[in-house]
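Plus 728 on top of the position in the sequence shown (first one is 1) and you've got my numbering.
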Amino acid sequence: WATRNLAHPPLWLIWLAVPLYLAAGSWASMQLGLHELIGAYFAGAIMPPSWVRRLPVERVGTFSLIWLAPMFFGHSGLHIDGDALTWPSVVASLSLVAISIVTKIGAVYLFPPAAGLSRRQALGIGALLQCKGLMEIVAATILHGQGMISEFAFASLMVLAVISTTLTGPMFRLLSPRPRPAPASSASRAMATAR
729 WATRNLAHPP
739 LWLIWLAVPL
749 YLAAGSWASM
759 QLGLHELIGA
769 YFAGAIMPPS
779 WVRRLPVERV
789 GTFSLIWLAP
799 MFFGHSGLHI
809 DGDALTWPSV
819 VASLSLVAIS
829 IVTKIGAVYL
839 FPPAAGLSRR
849 QALGIGALLQ
859 CKGLMEIVAA
869 TILHGQGMIS
879 EFAFASLMVL
889 AVISTTLTGP
899 MFRLLSPRPR
909 PAPASSASRA
919 MATAR
């Protein structure tokens with residue numbers, strides 16, 4: 729309906745409608761007994777494309793990363809029971825991190841996702857697959873809120889998400905191909921020999 733009747737609404741209307749639209753999706757999923765994030769996600773997925781194209785995605789993304797994401801992570805972290813963060817949960821988290829690293833990098837290394845990738849490119853992709861913090865925290869928060877995982881499992885998954893996401897950057901720099909310096913042009917070589 730919105731795509732047909734409001735294909736090109738004024739920008740102020742989009743800014744007003746999008747938060748209300750996402751909040752309505754969140755409320756609807758909550759009424760169905762599901763987590764609020766599920767409704768907001770599906771509301772965003774079916775939002776009219778002509779509206780989304782008019783939003784300044786970079787500014788919205790920056791605002792989300794600076795203001796909304798830390799609040800969400802802090803709120804999720806407050807749900808961790810301090811008694812669940814024991815030595816066994818830390819060992820379980822570190823074991824999950826090691827298994828995650830070996831399986832993801834090993835799978836991409838042995839079975840590259842695209843033909844023609846070098847070994848180092850495949851390793852770089854495997855390293856990038858470690859960055860799953862936000863989605864894992866969302867999934868763990870939903871499962872914990874529904875009572876489907878224990879406090880111990882929730883604490884372990886949260887620690888796993890933080891550690892694996894923190895390791896992504898250093899692992900990518902270590903495993904990805906090094907950029908090669910551009911070859912000097914013939915004119916610059918001639919100038920260097922003339923000196």
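Where is the CB? At the ideal position from N, CA and C, for every residue including glycine.
Three-state class that DSSP yields for Ala843 in the structure shown
Coil at Ala843, not helix or strand.
When you compare the CB positions of Leu885 and Glu864, do they come within less than 8 angstroms of one another, or not?
Result yes, Cβ atoms of Leu885 and Glu864 sit closer than 8 angstroms.
Assess contact between the segment 775-784 and the segment 857-873, defined as three or more Cβ pairs (one per stretch) separated by less than 8 angstroms. Is contact present?
Of all C-beta pairs linking the segment 775-784 to the segment 857-873, fewer than three are shorter than 8 angstroms, placing the two stretches out of contact.
Look up Thr896 in the DSSP assignment and say whether it is helix, strand or coil.
Of the three classes helix, strand and coil, the one that applies to Thr896 here is helix, per DSSP.
Grab the span of the alpha helix (DSSP H) containing Ser804 for me, first residue to last.
Here the alpha helix (DSSP H) through Ser804 covers Ala797 to Gly805.
So, helix, strand or coil for Arg901, using DSSP?
Looking at Arg901 - three-state DSSP - the assignment turns out to be helix.
Would a C-beta distance cut-off of 8 angstroms place His807 and His763 closer than the cut-off?
No, they are not a contact pair.
Hey, how far is the Cα of Arg848 from the Cα of Phe900?
Their Cα atoms are separated by approximately 10 angstroms.
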